[in-house]
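Peer 1: This is the structure I have questions about; it appears just below.
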Amino acid sequence: MSDNPFERYGLDPFAGPARITERLRELAEDCEDELERAAIREAWEALTLHPRRRLELALQAHPESRPALGRPPRPRRRARTEDPLGLADLTALPSVAGALAKLELPDVPLDEDEILTGRKR
Amino acid sequence: MWRPDDQQLLERLEERTVMRALWRRMSRGAPPPSERAAGLVHLLRQTEEGARAVEQALEGELELLVALTRPRRYDGLRPTLIHHLALWHHAVARVAPPDAEAEEAWLHAFAAWTALATEATYLRALAEAVAGDAVPAVDREAVALGAPSRLLAELEALGLEGAASLSSTTALALRVLSRIPEALARCGTPHDTTHALAREAHPLAREARRRRRTLVDAAMEPVHHALEEAQAKGQPGEPHLAAFASAVRVWRFTAHDLELERFVLDQVIPIAWELYNHKHWSLLRRLDQTIAAVVDALANRLGQDPELVAYASRVAQMLVFRAELEGRFETQLEIAERALALCDTHRNGRLVCADLLSERALRRIETAPLWDRKRAALEARVDTRRAESLFPGLDRTKRAKEAIAREGVEP
């Protein structure tokens, strides 16, 4: 990780002290690690209280010359079907049916099934 | 659906991957720099050649991209790209082992910073935006445009650390500082850097020379102490030889520094005379052998640099000592002729050369068969006449002239 606060905290050297303060405050508020928060405070001091140091660090920071990232794609919404459920939709898949066939299941109505009702017959 | 934003994200990830591979290749294993350094790859890939280089890099072939990070000239490139290159090469230079690649990295970092400082608009705008009125304009300008000078200071400090032990880092700093005029040719500066003389006169070239001098002086410090101690012991002896051997080691280490050649000549002449006057031939021969390479190097420079004329007689004197100590006659004469070619008014050179020419005249006659003595006498006369013109009245010349006369030839 870079030692240069402009690079480390993604700060724009052209932004000026007010924007730097705002950005570092946001980072400090979101930070849960005490050591990291202290490092952010140290960076803030170096960048805002010592303008000459700020200039030296800006010169030593790689300029951000890549285009800003665009928006991530929206999460895909679950497609709704307009067709009502049919009996075929309730049929177990062959693989599930095969697995179930190996078990000996009780041949009782659902409202009397002890697993579903929790009652012993 | 593949969106433009997705393409942009893909390219950013590619550029980061390529930047890290490029860093591994150039730094040879140091931890990678900030992700923002990938902006260098992004800018390079904007040209057709750069795009091809990035494609090749993604397939593991980095050399074209490495070549693009080392442009022949920096003026004319986009300032943002030059800024990336300055930081990139500076970072590589700081972490790479002190070899030829590190040397190139320092020189490219220097050239890039100098090109940026010469263009000035970009750095001034950055300084104005970053510091504004919080830093006085003079200081702001000095910080913004002073990177080339700070790099030279950094090199000097780096070199000083191992100067006394002649470390490889000091050798690297010396090499880079001596190549600064060459680096200046890679960037447009207010001075006309296409001409060697103008490059040498550039303030940064002068600063590099001064800092290099400091490093050479630091490397020579143990030699100075050794010489002082040797002098304190009185008569010239082994300690002097050891001190001069150290001086020659430093001279080789500095890639044949001219000032050291002058220093060695200045120091050695009185000691050599003392040995000569006391007829310590063995020590004088060893002293000559110890510093022979330095004397020869300065002798070679003398013909090319008129400013060194003040050293002509000192170099000639050391060659005359060598001629006198030499066992083979033809070589003796050859060395004496060389001394005279450097300084034709050198008294001892003329004396020794005249004496050797007269000796050759005598040998020509003495060794010639009886039936061929006249021709030998005619050849000997050429030598004696030259000997007379160099140093009239030598006993050996007189004897040679008499021998010539005995063969019926007018001397």
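As you go down the protein sequences, you meet chains D and H in turn. Counting along the first sequence from 1, when you hit position 70 you're at 775 in my numbering, and nothing is skipped either side. Counting along the second sequence from 1, when you hit position 155 you're at 159 in my numbering, and nothing is skipped either side. Ideal Cβ placement from N, Cα and C applies to all residues, glycine included. Predicted model, so just to flag it, every value in this text is computed and none were measured.
1. First and last residue of the alpha helix (DSSP H) that includes residue 30 of chain H?
2. Work out the CA separation of residue 812 of chain D and residue 822 of chain D for me, nearest whole Å.
3. With DSSP as the reference, label residue 125 of chain H as helix, strand or coil.
4. What are the boundary residues of the alpha helix (DSSP H) that residue 216 of chain H is part of?
5. Hey, is residue 771 of chain D's beta-carbon within less than 8 angstroms of any beta-carbon in chain H?
6. I want to know whether the stretch 151-169 of chain H touches the stretch 232-248 of chain H - three or more CB-CB distances under 8 angstroms.
7. Flag this pair as touching only if the stretch 399-413 of chain H and the stretch 368-382 of chain H have three or more C-beta atom pairs under 8 angstroms; answer yes or no.
8. Could you give the DSSP three-state label for residue 419 of chain H: helix, strand or coil?
9. If you draw a straight line from the alpha carbon of residue 10 of chain H to that of residue 23 of chain H, how long is it in whole angstroms?
10. For residue 759 of chain D, decide whether its Cβ has a neighbour in chain H, counting only Cβ atoms nearer than 8 angstroms.
11. With a 10 Å radius around its C-beta and 16 neighbouring C-beta atoms as the bar for buried, classify residue 776 of chain D as buried or exposed.
12. Compare the C-beta of residue 73 of chain H against all C-beta atoms of chain D and say whether one is closer than 8 angstroms.
13. In this structure, how does DSSP classify residue 49 of chain H when only helix, strand and coil are distinguished?
14. Quick check: residue 707 of chain D and residue 37 of chain H, are their CB atoms within less than 8 angstroms of each other?
15. Beta-carbon within less than 6 angstroms of residue 729 of chain D's beta-carbon, same chain only, minus the 5 sequence neighbours each way: which residues are those?
16. Counting only beta-carbon atoms, is residue 46 of chain H nearer than 8 angstroms to chain D?
17. Given this structure, state the Cα-to-Cα distance separating residue 303 of chain H from residue 246 of chain H, to the nearest angstrom.
18. Are the beta-carbon atoms of residue 210 of chain H and residue 181 of chain H separated by less than 8 angstroms?
19. State yes or no: is the C-beta of residue 326 of chain H within less than 8 angstroms of the C-beta of residue 339 of chain H?
20. Check the Cβ of residue 712 of chain D against every Cβ in chain H and list those closer than 9 angstroms, keeping chain order.
21. Within 10 angstroms of its Cβ, does residue 5 of chain H collect 16 or more other Cβ (buried), or is it exposed?
22. Taking Cβ-Cβ distances shorter than 7 angstroms, what residues in chain H pair up with residue 707 of chain D?
23. What's the gap between the Cα of residue 763 of chain D and the Cα of residue 89 of chain H?
24. For residue 387 of chain H, which residues of its own chain have a beta-carbon under 6 angstroms away from its beta-carbon, when the five flanking residues on both sides are left out?
25. When the cut-off is 8 angstroms and only beta carbons count, does residue 152 of chain H lie next to chain D?
26. For residue 244 of chain H, count neighbouring C-beta atoms within 10 Å of its own C-beta (all shown protein chains included) and say buried if the count is 16 or more, exposed if not.
27. Residues of chain D with CB closer than 8 angstroms to the CB of residue 8 of chain H, please, in chain order.
28. Three Cβ pairs or more, each shorter than 8 angstroms: is that satisfied between the stretch 65-72 of chain H and the stretch 110-129 of chain H?
29. Relative to the C-alpha of residue 412 of chain H, which residue among H/170, H/384, H/268 and H/281 is closest?
30. The alpha helix (DSSP H) spanning residue 734 of chain D covers which residue range?
31. Starting from residue 357 of chain H, trace the alpha helix (DSSP H) both ways and give me its first and last residue.
Peer 2: Quick answer:
1. Walking along the second sequence from the start, residue 30 of chain H turns up at place 26. Residue 30 of chain H -> alpha helix (DSSP H) spans 8-31.
2. The residue given as residue 822 of chain D occupies position 117 in the first sequence. The residue given as residue 812 of chain D occupies position 107 in the first sequence. The alpha-carbon atoms of residue 822 of chain D and residue 812 of chain D are separated by roughly 15 angstroms.
3. For the purposes of this step, residue 125 of chain H is identified with residue 121 of the second sequence, where counting begins at 1. In the structure shown, residue 125 of chain H sits in a helix (DSSP, three-state: H, G or I).
4. Numbered from 1 along the second sequence, position 212 holds the residue referred to as residue 216 of chain H. 207-236 is the extent of the alpha helix (DSSP H) around residue 216 of chain H.
5. Here the question's residue 771 of chain D lines up with position 66 in the first sequence. At least one CB of chain H lies nearer than 8 angstroms to the CB of residue 771 of chain D.
6. no
7. yes
8. In the structure as shown, chain H starts at 5 and stops at 415, and residue 419 of chain H therefore has no counterpart that could be examined.
9. On the second sequence, residue 10 of chain H is found 6 positions in, with the first residue counted as 1. On the second sequence, residue 23 of chain H is found 19 positions in, with the first residue counted as 1. Near 20 angstroms, if we compare the C-alpha coordinates of residue 23 of chain H and residue 10 of chain H.
10. By one-based count along the first sequence, residue 759 of chain D stands at place 54. Output row for residue 759 of chain D: interface = yes.
11. The sequence position of residue 776 of chain D within the first sequence is 71, counting from 1. Exposed, since its Cβ has fewer than 16 Cβ neighbours within 10 Å.
12. Counted from its first residue, the second sequence places residue 73 of chain H at position 69. By this cut-off, residue 73 of chain H is not an interface position.
13. As a working mapping, residue 49 of chain H is identified with position 45 in the second sequence. The three-state reading of DSSP puts residue 49 of chain H in coil, since its state is none of H, G, I, E or B.
14. As a position in the first sequence, residue 707 of chain D is number 2, starting the count at 1. As a position in the second sequence, residue 37 of chain H is number 33, starting the count at 1. In contact: residue 707 of chain D and residue 37 of chain H (Cβ atoms closer than 8 angstroms).
15. As a working mapping, residue 729 of chain D is identified with position 24 in the first sequence. If we look at residue 729 of chain D and ignore the five residues flanking it on each side, its Cβ neighbours are 745 and 749.
16. The count along the second sequence starts at 1 and reaches residue 46 of chain H at position 42. Yes - at least one Cβ of chain D is within 8 angstroms of the one on residue 46 of chain H.
17. Within the second sequence, the letter at position 299 stands for residue 303 of chain H. Within the second sequence, the letter at position 242 stands for residue 246 of chain H. Rounded to the nearest angstrom, the two C-alpha atoms are 23 angstroms apart.
18. Position 206 of the second sequence, counted from the first residue, corresponds to residue 210 of chain H. Position 177 of the second sequence, counted from the first residue, corresponds to residue 181 of chain H. Judged by their CB atoms, residue 210 of chain H and residue 181 of chain H are not nearer to each other than the 8 angstroms cut-off.
19. The residue given as residue 326 of chain H occupies position 322 in the second sequence. The residue given as residue 339 of chain H occupies position 335 in the second sequence. Yes; because the gap between Cβ atoms is below 8 angstroms, this pair is in contact.
20. The residue given as residue 712 of chain D occupies position 7 in the first sequence. Within 9 angstroms Cβ-Cβ: 37, 38, 39, 40 and 41.
21. Residue mapping note: residue 5 of chain H aligns to position 1 of the second sequence, counting from 1. Exposed, since its Cβ has fewer than 16 Cβ neighbours within 10 Å.
22. Stepping through the first sequence from its first residue, residue 707 of chain D is reached at position 2. Within chain H, the residues near residue 707 of chain D are 37 and 38.
23. Within the first sequence, residue 763 of chain D is the residue found at index 58, counting from 1. Within the second sequence, residue 89 of chain H is the residue found at index 85, counting from 1. Those two C-alpha atoms are separated by around 15 angstroms.
24. The residue labelled residue 387 of chain H in the question sits at position 383 within the second sequence. Excluding residues within five positions, the ones whose Cβ falls inside 6 angstroms are 361, 364 and 365.
25. As a working mapping, residue 152 of chain H is identified with position 148 in the second sequence. Chain D contact via Cβ: absent.
26. As a first step, residue 244 of chain H must be located in the second sequence, where it is residue number 240. Its Cβ being crowded by 16 or more others within 10 Å, residue 244 of chain H is buried.
27. Sequence index remark: in the second sequence, residue 8 of chain H carries index 4 (1-based). Residues of chain D passing the Cβ test: 775.
28. Touching, no.
29. Within the second sequence, numbered from 1, the residue matching residue 412 of chain H stands at position 408. Checking every option, the nearest Cα to that of residue 412 of chain H belongs to H/384.
30. Here residue 734 of chain D refers to the residue found at position 29 when the first sequence is read from its first residue. From DSSP, the alpha helix (DSSP H) with residue 734 of chain D extends over 722-735.
31. The residue you call residue 357 of chain H lines up with position 353 of the second sequence. Segment 351-371, the alpha helix (DSSP H) holding residue 357 of chain H.
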